[in-house]
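Okay, structure first, notes after.
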Ligand SMILES: Nc1nc2c(c(=O)[nH]1)N[C@H]1C(S)=C(S)[C@@H](COP(=O)(O)OP(=O)(O)OC[C@H]3O[C@@H](n4cnc5c(=O)[nH]c(N)nc54)[C@H](O)[C@@H]3O)O[C@H]1N2
Ligand SMILES: Nc1nc2c(c(=O)[nH]1)N[C@H]1C(S)=C(S)[C@@H](COP(=O)(O)OP(=O)(O)OC[C@H]3O[C@@H](n4cnc5c(=O)[nH]c(N)nc54)[C@H](O)[C@@H]3O)O[C@H]1N2
Ligand code: SF4
Ligand SMILES: [Mo]
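Numbering (this note's numbering), first residue to last: 1 to 758.
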């Protein structure tokens, strides 16, 4: 028996953990009090972590599909040689459009992403698909307009806010904010602070709220527009802030004065008095912030919602202050910026869709495989299970069947892996060095690099090793780098000089400006793998895969010198980056990497004038169009993908991890259920325009009538058996989506429900 530190990998919070280990099993899981952010906090899911490490779907050998659909084990050498050969042939025959990469990281693993996406460069492709493109890209698009770059990302300082507005999010179950239950409870208990929750369901979070606006699903744009209009009409906007820090307010004001407040509030079906109180409370609070998530991002008007939600804190001046919303730094840049207007931005062949923040939306991928004149023919899926998690399961099954090469890199035999030509078994997140890039805090930023708890399961490799070997087999990378090996050795002998970083910066520079020389080209393009092979072996504790963090540490320290020093890291120039890297490498509980001053949030704004550009013409147009929108009329709206106590995306596959809700029941108001003749626990058929599934009914009176909910993260075929619980995405459609970001409207799926006769 031994004790070790790690992090939970089940949601974006990645709470620090202290675990007891007995042989191959995790026998006990506690919160790690020394983790600078989570400070010992965990939720009930973390206790079940052994179900990730040990279960019957774990992979332990590369697999190749036979023509009859079954799989045969192959050696790593065979698999890699054949995959590399087919990639090179495909590239020669069809060029970059024929290749796409999907995933590259999940809730707890982002170190492998840097290695996997190198394949895009090797193939000359830009087609990077990721689950963020089915939830957050509308938000990123809005950020690009408001703040200058789509990589500018907003966080919320809930701990210091007097007034918190939570829209379409249930942190009690989903978290998304650190130590969520404690934070929500504190808000609920403190009479001096106000919590307003906008959610059609009376969630556990709403239970703690001072005001719960239980709106009709899909009407947030109307409600938020009404609140904003009240702010303008009652002169509650922060004029001084708007004049000093923003542009375009006049246009916003004009559009908001046209909003028919009472009519919009009626559409949302909430009490006008509560809406007025919310607007006034928000404006008058000493500090206020807004926290949102899927309830508005995966619902009608998704991108417009993301705009209106941000106008709430911007018009009231709750930006750049404690307790407000702020931009934050990114130690590992998970997202980039895509200039939608530039002719150089690569668009997809069939949908002519540009990326947002460097990401293409999963929703269009089946069409890009099946319908495009120059289709995607080869796909890598890493750390994702789109057959379960993308909208319209049948479309993925069909499209993936048409690929000439599908390679899945996963720890488990997933529904997507079953369709692959090759399945490559990755070592689990507890068997290799790992990290998460979800460090979304301001003014204090933390980072947690984890060391392995177990040796790699026999037959598995880390992503760093898998992709480096593929690049080598493709002939993209030599097997030795005599020059860089020497630089790496020198760098470790005198770490404060940052020699590796200088070599890398030099290579990037020559790559961009001069005619690239062979060596510099490789270093600029495949830095992660080259660092892994050269610097990696020189790092302590076998942390080779973390070598790619060294240049990031230098870059972060150079960009945010003062803030890094304030966090206690010592050194000048490149020595500071080295000190930061060392602290990360040695800090088993995570480390504080920077402490900013609130004013610094303005330095993160990317518009040249450092102002926030409020007016977004396309979305002001959508706002005006709301008035003429027809009211939808369907008997039932399904909220397809609720977070509950025992779901965690598709990370846990063994059904016994759940303590309750084994079927992932459909929640339905008891009066609706009685009308349909459905007893609690009855079976029913749920049909959408796209497909139908069977469900178990649970009577539930915390939801509006006419609205039903199903959890996501069910429907997997564990151990080759039938699907367990709802295969939710057989009901959803990729066409029912936002026009700008193409994020699916999962929270608003019209359905019919009929009783199943016994
Ligand atoms: N337990 C658990 N936690 C998770 C996950 C998990 O699978 N299980 N997944 C993680 C991931 S990947 C994500 S992205 C986050 C998501 O986290 P959340 O977005 O907070 O979780 P959801 O339950 O999907 O949706 C939030 C709320 O939106 C409400 N909602 C539905 N329709 C509407 C609407 O029209 N308007 C408004 N205002 N609200 C609406 C729902 O009732 C629900 O309470 O959770 C993360 N955490
Ligand atoms: N209808 C509906 N659909 C939804 C949602 C919804 O609310 N409703 N939610 C959506 C949201 S917000 C999200 S984020 C997506 C998530 O969906 P996906 O992007 O598909 O991600 P996960 O379900 O988290 O699956 C993670 C995969 O990574 C694998 N894995 C775990 N550790 C490792 C590792 O170390 N290496 C490798 N290579 N693989 C690993 C797991 O076995 C699993 O197969 O689902 C989306 N789908
Ligand atoms: S909040 Fe998220 S990261 Fe923390 S213990 Fe729960 S599931 Fe794990
Ligand atoms: Mo998500």
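Cβ atoms here follow ideal geometry from the backbone N, Cα and C, with glycine treated the same way.
Inter-residue spacing [alpha-carbon to alpha-carbon] between residue i and residue j
i: residue 2; j: residue 26; result: 10 Å
i: residue 229; j: residue 281; result: 14 Å
i: residue 532; j: residue 117; result: 15 Å
i: residue 543; j: residue 537; result: 8 Å
i: residue 426; j: residue 24; result: 17 Å
i: residue 365; j: residue 167; result: 29 Å
i: residue 745; j: residue 459; result: 40 Å
i: residue 157; j: residue 32; result: 22 Å
i: residue 481; j: residue 466; result: 18 Å
i: residue 463; j: residue 186; result: 41 Å
i: residue 18; j: residue 40; result: 9 Å
i: residue 563; j: residue 720; result: 51 Å
i: residue 283; j: residue 750; result: 36 Å
i: residue 510; j: residue 332; result: 23 Å
i: residue 59; j: residue 412; result: 5 Å
i: residue 114; j: residue 130; result: 14 Å
i: residue 712; j: residue 392; result: 13 Å
i: residue 172; j: residue 651; result: 20 Å
i: residue 380; j: residue 125; result: 12 Å
i: residue 646; j: residue 680; result: 20 Å
i: residue 47; j: residue 108; result: 16 Å
i: residue 759; j: residue 7; result: For residue 759 there is no data in the structure shown, the boundaries of the chain being 1 and 758.
i: residue 63; j: residue 73; result: 5 Å
i: residue 351; j: residue 218; result: 26 Å
i: residue 624; j: residue 49; result: 48 Å
i: residue 137; j: residue 490; result: 42 Å
i: residue 390; j: residue 596; result: 38 Å
i: residue 754; j: residue 695; result: 10 Å
Cβ-heavy atom distance, residue i to ligand 6, below 7 Å
i: residue 382; result: No copy of ligand 6 appears in this structure; the ligands present are ligand 1, ligand 2, ligand 3 and ligand 4.
Cβ neighbours of residue i in the same chain (closer than 6 Å, five flanking residues each side left out)
i: residue 91; result: 123
i: residue 36; result: 446, 590 and 592
i: residue 579; result: 569, 570 and 571
i: residue 764; result: The structure shown does not extend to residue 764, since the chain spans only 1 to 758, so no value can be given for it.
i: residue 84; result: 470, 473 and 474
i: residue 334; result: 437
i: residue 551; result: 501 and 504
Residue i - partner residues in DSSP beta bridges
i: residue 22; result: 25
i: residue 744; result: 737
i: residue 212; result: 197
i: residue 325; result: 156 and 319
i: residue 16; result: 7
i: residue 565; result: BP columns for residue 565 are empty, so no partner.
i: residue 696; result: 683
Distance between beta carbons of residue j and residue i, contact taken as under 8 Å
i: residue 613; j: residue 146; result: 6 Å
i: residue 405; j: residue 421; result: 6 Å
i: residue 141; j: residue 303; result: 6 Å
i: residue 357; j: residue 338; result: 6 Å
i: residue 327; j: residue 601; result: 5 Å
i: residue 503; j: residue 487; result: 5 Å
i: residue 329; j: residue 38; result: Incorrect: roughly 19 Å between the Cβ atoms, too far for contact.
i: residue 195; j: residue 209; result: 5 Å
i: residue 270; j: residue 315; result: Not confirmed; about 20 Å, so no contact.
i: residue 419; j: residue 400; result: 5 Å
i: residue 619; j: residue 307; result: 5 Å
i: residue 702; j: residue 202; result: 4 Å
Cβ-based neighbour list, residue i, same chain, cut-off 7 Å, excluding 5 preceding and 5 following
i: residue 655; result: 662, 718 and 724
i: residue 80; result: 469, 470 and 473
Beta-carbon proximity list for residue i, same chain, < 8 Å, skipping 5 on both sides
i: residue 21; result: 1, 2, 3, 4, 27, 453 and 454
i: residue 336; result: 150, 151, 357 and 358
i: residue 291; result: 156, 158, 164, 165, 166, 167, 169, 171, 176 and 177
Min CB distance residue i to chain C below 8 Å
i: residue 711; result: Chain labels in this structure do not include chain C; a single protein chain is all it has.
If we require 3 or more residues per run, which beta strand (DSSP E) segments fall completely within the segment 43 to 124?
63 to 65, 71 to 73 and 99 to 103
Runs of beta strand (DSSP E) wholly within the segment 241 to 309 (minimum 3 residues, chain order):
288 to 292
Can you list, in chain order, the stretches of the alpha helix (DSSP H) that have 4 or more residues and sit fully within the segment 569 to 649?
574 to 586 and 617 to 625
Of all the beta strand (DSSP E) runs that stay within the bounds of the segment 415 to 441, which reach a length of 3 or more residues?
422 to 425
What are the complete beta strand (DSSP E) segments, minimum 3 residues, inside the segment 432 to 495?
444 to 447
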